[in-house]
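Visitor: Mapping of the sequence shown onto the working numbering: residues 234 to 467, in sequence order.
Glycine included, every Cβ here is placed at the ideal spot set by N, Cα and C.
Sharing a structure here in structure tokens format.
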Amino acid sequence: MLRVDGISVRYGRIPALRRVSLEVGEGELVTLIGANGAGKTTTLRAISGLLPLAEGSITFDGRSIANAPPRTILDLGIAHCPEGRRVFPQLSVRENLEMGAYRRRDRAGVAADMERMFQRFPRLLERLGQAAGTLSGGEQQMLAIARALMSRPRLVLFDEPSLGLAPNLVEQTFAIVSDIRREGTTVLMVEQNAYAALEMCDRAYLLEGGAVMEHGTGRAMLANDHIQRAYLGG
């Protein structure tokens, strides 16, 4: 479904990604792990068109999306749920969800998807008219995930979905991501909680210094000596 081939990204003259390659098959849950500054978020931002490529290619269903406008990438079926939730704080919960569907023209479908979001996240229905900036961290994460799903994506890019959440909400968030995948949506996820991410994923890539250093199945990566020492505490 998604193929990233030898991409490099620079911030000015500073290299952020060095010829990163990865693949995500349809229906898979693939995760990117690594330390802060390793290039994980940069990879997602490059895929979703928020950062230009210095070199390399990105294809989605065989179609090149390298340096395409973000709106084009969204229309093709890739949604980005960014780090730090990034809800529109002054807009209501309903308005945030509507923003997730702003490229769609099927009003009946949007209304049906809105109802599905309320079934999945009943707390959002309780907060429907409330400004998103006044929600708790967990509620904002629910809203950010629901907003991404309102575009009816085929592939969702999750950037640190558990960041800053209480432990019970971390488990709930990972369960939601797993449910999304089981329902047929492909997932590429960046996650600092390497153990949880590797347990739930099909395959994983380890980024260090802007380059892919290891890749394999989640089970194989959990057993990798370097990953155990550097990222799993032993």
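1. Would residue 386 be called buried (16 or more neighbouring beta carbons within 10 Å of its own) or exposed?
2. Can you pull the DSSP bridge partners for residue 270?
3. At which residues does the beta strand (DSSP E) containing residue 458 begin and terminate?
4. Determine the contact status of residue 334 and residue 343, defining contact as a CB-CB distance below 7 Å.
5. Output the residue ranges of the alpha helix (DSSP H) runs that lie fully inside the region 284–351 and measure 4 residues or longer, sorted by chain position.
6. Are residue 264 and residue 422 touching if we call contact CB-CB under 7 Å?
7. Taking just the CA atoms, how far does residue 461 sit from residue 245?
8. Return the Cβ separation of residue 407 and residue 433 in integer angstroms, given the expectation that the two are a contact with Cβ distance under 8 Å.
9. Taking the alpha helix (DSSP H) that residue 406 falls in, what are its first and last residues?
10. Report the partner residues of residue 248 according to the DSSP bridge assignment.
11. Which of the three DSSP states is assigned to residue 282 in this structure?
Guide: Reading it off the structure:
1. With 16 or more other Cβ atoms within 10 Å, it is buried.
2. DSSP, once it has assigned bridges, lists no residue as partnering residue 270.
3. Counting along the chain, residue 458 falls outside any beta strand (DSSP E), though it belongs to the alpha helix (DSSP H) covering 458–464.
4. Result yes, Cβ atoms of residue 334 and residue 343 sit closer than 7 Å.
5. Inside the region 284–351, DSSP marks whole alpha helix (DSSP H) runs of 4 or more residues at positions 303–309, 326–333, from first to last along the chain.
6. A distance below 7 Å separates the beta carbons of residue 264 and residue 422.
7. If I take the Cα positions, the gap works out to 34 Å.
8. That pair is a contact at about 6 Å.
9. Here the alpha helix (DSSP H) through residue 406 covers 400–415.
10. Looking at the DSSP assignment, residue 248 forms a beta bridge with 243.
11. Coil at residue 282, not helix or strand.
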